[in-house]
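Protein chains: 2
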Amino acid sequence: MTSFTEENYLKIIYKLSAETNSEVSTNAVAELTQTKAASVSDMLRKLSDKQLVNYQKYQGVTLTAEGERVALSVIRKHRLWEVFLVAKLGFNWDEVHDIAEQLEHIDSEELVAKLDEFLGFPKFDPHGDPIPDHNGRMPVLGYQNLSEIEVGKNVLMVGVSEHSSAFLQYLDKTGLILGAGITILELNEFDKSLSISISSGNAIFISHEVAKNILVIEQK
Amino acid sequence: MTSFTEENYLKIIYKLSAETNSEVSTNAVAELTQTKAASVSDMLRKLSDKQLVNYQKYQGVTLTAEGERVALSVIRKHRLWEVFLVAKLGFNWDEVHDIAEQLEHIDSEELVAKLDEFLGFPKFDPHGDPIPDHNGRMPVLGYQNLSEIEVGKNVLMVGVSEHSSAFLQYLDKTGLILGAGITILELNEFDKSLSISISSGNAIFISHEVAKNILVIEQK
DNA sequence: AAGAATTTTTAGATTAATCTAAAAAAACAA
DNA sequence: TTGTTTTTTTAGATTAATCTAAAAATTCTT
Ligand SMILES: [Mn+2]
Ligand SMILES: [Mn+2]
Ligand SMILES: [Mn+2]
Ligand SMILES: [Mn+2]
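As you go down the protein sequences, you meet chains A and G in turn. Each residue of the first sequence is one higher than the one before, starting from 7 at the first, in my numbering. Each residue of the second sequence is one higher than the one before, starting from 7 at the first, in my numbering.
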């Protein structure tokens, strides 16, 4: 019904919509799909014909209920497969995204249901992202970026918002793993870099760019 | 490098080649790919340009060493995923083929290696088919069709050569599962149907068509 | 509120995989 | 060996997804 390519467009429109809470521009989609704006225009017309997106020329695009259902199903599969790769096959969290990009398009409801059960109905993927349930429901989480936390506060690291291998390997090296307790020791005003101490031991120095991509919750 | 479609052609040429030990005809490929002969001709020229097959117009086709390597890699993945689906996710053997047809095209050497290890380096898939090792080597097995066995002999059921859901469900119902011991009680000359007794208990009656698709080894 | 800059869409091609219909080659048969 | 049948290939279209270049619409800036 929906092709590999269409599913990728829907997933990307979902992500951009969730970030901005409004219509998504053709150029924004082109950037994430790694295609040209002209190709996106064509595809948006096609998805609109299939009633998967709301699209008026020059007005940006949003998902229809059905488009969102498809997008969430693809995201669910992506995250479940990532759990499988890390928890069962022993991959590191920085190695699984590209493989999951392929596995997310495997089409079988029974497979997803059985995989979910085999994994023990996980609620989060290896990067801390919530896994939509089989009805496409996903909890709204009060995550904050580490860059928004005040000096002196203690927080728990629960996720990352950047999934590149380079970033995740950097985190591994510095001891910044999910579940780590973090205390903000000092904020450097001029570049917003941080000195932090990690529960596992050492105090380290991180850039604002890094802090922006670490998701945390406050600890009492 | 090789597309989903190309991989399917190579896999089918491999299977037909193995059956006949000679060049494969355009029409034979068309039948298994569910396409027309004209489409096959086009694809054979393309695979030949890529050095994956030996092909001369009107002379049939065989795999090159590289084509065979790709075909065996796809077959290896197909069978490993089938083991996963049955042994880990609890699917029945009649439910896994179509899902494996999709999973066999996932492209990641590390994934295959880790899956193989996770499954305990299985040598056979749920239908008794041998799994090529990571070098593409597959044992040559002295399997016989149940239809070729003499009356009075005892054999062990080790595989099936037809994978349709309908056939496998019929086998389940009659108690014909891998590992079953079978004794040929009687052969009806006119239609080659058989009376057999199964180690698990009952004696049953099966057609020649069924017997042809059950793979066995003789028991002393 | 123009004019300039940016964004988006359309026009026209290209590539992969397929099809139908027709032509060509090979195989079979009298 | 010569006609007939079957198989295979070619010719010409079609569909999905993409591209570049040009046109059109929108947005930004004086
Ligand atoms: Mn991912
Ligand atoms: Mn993830
Ligand atoms: Mn199979
Ligand atoms: Mn099998």
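For every residue, glycine included, the Cβ atom is placed at its ideal position computed from N, Cα and C.
Residue i burial status per 10 Å Cβ neighbour count (16 or more: buried)
i: asparagine 33/A; result: exposed
i: aspartate 178/A; result: exposed
i: asparagine 14/G; result: buried
i: alanine 71/G; result: exposed
i: threonine 26/G; result: exposed
i: phenylalanine 211/G; result: exposed
i: tyrosine 20/A; result: buried
i: isoleucine 223/G; result: exposed
i: arginine 143/A; result: exposed
i: glycine 134/A; result: buried
i: methionine 163/G; result: buried
i: proline 132/G; result: buried
i: histidine 169/G; result: buried
i: methionine 7/A; result: exposed
i: aspartate 84/G; result: With the sequence shown as reference, residue 84/G is identified as histidine, and aspartate is not the correct amino acid for it. Buried is the call here.
i: phenylalanine 82/G; result: Inspection of the sequence shows that residue 82/G is occupied by arginine rather than by phenylalanine. Its Cβ being crowded by 16 or more others within 10 Å, arginine 82/G is buried.
i: valine 146/G; result: exposed
i: alanine 172/G; result: exposed
i: phenylalanine 97/G; result: buried
is_contact[residue i, chain A] using C-beta, thresh 8 Å
i: phenylalanine 130/G; result: no
i: glutamine 108/G; result: yes
i: phenylalanine 127/G; result: no
i: phenylalanine 124/G; result: yes
Short CB-CB distance (under 8 Å) between residue i and chain G
i: serine 114/A; result: yes
i: isoleucine 137/A; result: no
i: glycine 96/A; result: yes
i: lysine 17/A; result: no
i: lysine 42/A; result: no
i: lysine 120/A; result: yes
i: isoleucine 105/A; result: yes
i: leucine 117/A; result: yes
Closer than 7 Å: residue i CB and nearest ligand 3 heavy atom
i: alanine 77/G; result: no
i: alanine 106/G; result: yes
i: histidine 103/G; result: yes
i: glutamate 195/G; result: no
Bridge partner(s) assigned by DSSP for residue i
i: asparagine 151/A; result: Leu221/A
i: glutamate 192/A; result: Ser201/A
i: asparagine 60/A; result: Thr68/A
i: proline 128/A; result: The partner list for proline 128/A (beta bridge, DSSP) is empty, contrary to what the question assumes.
i: valine 19/G; result: In the sequence under discussion, the amino acid at residue 19/G is isoleucine, which differs from the valine named in the question. Isoleucine 19/G is not bridged to any residue.
i: phenylalanine 211/A; result: Ser201/A
i: glycine 187/G; result: Leu162/G
i: proline 136/G; result: Phe130/G
i: valine 30/A; result: Val67/A
Residue i beta carbon near ligand 2 (any heavy atom closer than 7 Å)
i: arginine 82/A; result: no
i: proline 136/A; result: no
i: arginine 85/A; result: yes
i: proline 128/G; result: no
i: glycine 131/A; result: In the sequence as presented, glycine is not what sits at residue 131/A; that position holds aspartate. Aspartate 131/A Cβ: within cutoff of ligand 2.
beta-carbon residue i near ligand 1 non-hydrogen atom, thresh 7 Å
i: glutamate 154/G; result: no
i: glutamate 88/A; result: yes
Residue i Cβ short of 7 Å to ligand 4 heavy atom set
i: histidine 169/G; result: yes
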